[in-house]
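Residue numbers (the working numbering): 74 to 234.
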């Protein structure tokens, strides 16, 4: 995989800090993965609108990231990560920067979107509740070592040391 350029790997990524481009509109941020893949203008516009509808942010397409709340920025980062239909979605602490109420709401939204797209997602978190409620399978890593891989129920009732 190291020999393959990032834009050819088919991996969508959502970062804890959203990593949106401040000088670009919401629509341009979402379009960025398509731009680097040299997707045509009409197809890009169609895919961007579809992704923004998916995250319920279409009315914000002409705004800039600094005009959005943290939860709205998170939705835009998620739209950008899925706009090119990746084979896998990696999310690195995507809810870490959000307050508790918004975190609960975004957990539901992320699960809805992942289910709607039928996409494999790897969700990295230090929050046990998030890991157990948002996952079909959980991998526990301690000090860089894989300790256990199990479904949420097995992990909760039969954790390994």
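Note that the Cβ used here is the ideal one computed from N, Cα and C, for glycine as well.
Cβ neighbour criterion (16 or more within 10 Å) applied to residue i
i           : result
residue 180 : buried
residue 176 : buried
residue 217 : exposed
residue 121 : buried
residue 173 : exposed
residue 161 : exposed
residue 140 : exposed
residue 106 : buried
residue 75  : exposed
residue 193 : exposed
residue 226 : exposed
residue 79  : exposed
C-alpha gap between residue i and residue j, whole angstroms
i           : j           : result
residue 207 : residue 117 : 30 angstroms
residue 220 : residue 232 : 9 angstroms
residue 203 : residue 171 : 13 angstroms
residue 96  : residue 87  : 19 angstroms
residue 222 : residue 146 : 32 angstroms
residue 83  : residue 157 : 8 angstroms
residue 114 : residue 104 : 10 angstroms
residue 77  : residue 209 : 29 angstroms
residue 229 : residue 213 : 11 angstroms
residue 197 : residue 168 : 10 angstroms
residue 224 : residue 152 : 27 angstroms
residue 123 : residue 205 : 30 angstroms
Whole-angstrom C-beta distance between residue j and residue i, which should lie under 8 angstroms
i           : j           : result
residue 31  : residue 136 : Outside the displayed span of the chain (74 to 234) sits residue 31, for which this structure offers no information.
residue 159 : residue 93  : Going by Cβ atoms, the distance from residue 159 to residue 93 rounds to 18 angstroms, so no, they are not a contact pair.
residue 149 : residue 102 : 6 angstroms
residue 163 : residue 211 : Actually they are not in contact, since the Cβ atoms of residue 163 and residue 211 sit about 16 angstroms apart, beyond 8 angstroms.
residue 128 : residue 85  : Actually they are not in contact, since the Cβ atoms of residue 128 and residue 85 sit about 13 angstroms apart, beyond 8 angstroms.
residue 89  : residue 165 : 6 angstroms
When the Cβ atoms of the segment 99-116 are set against those of the segment 177-192, are three or more pairs found closer than 8 angstroms?
-> no
For the segment 154-179, list the beta strand (DSSP E) runs that are entirely contained and at least 3 residues long, ordered along the chain.
-> 161-165
Only counting runs of 4 or more residues, tell me where the alpha helix (DSSP H) segments fall wholly within the segment 196-223, in order along the chain.
-> 201-207
Go through the segment 99-139 residue by residue and report every complete run of the alpha helix (DSSP H) that reaches 4 residues or more, in order.
-> 99-109, 114-127
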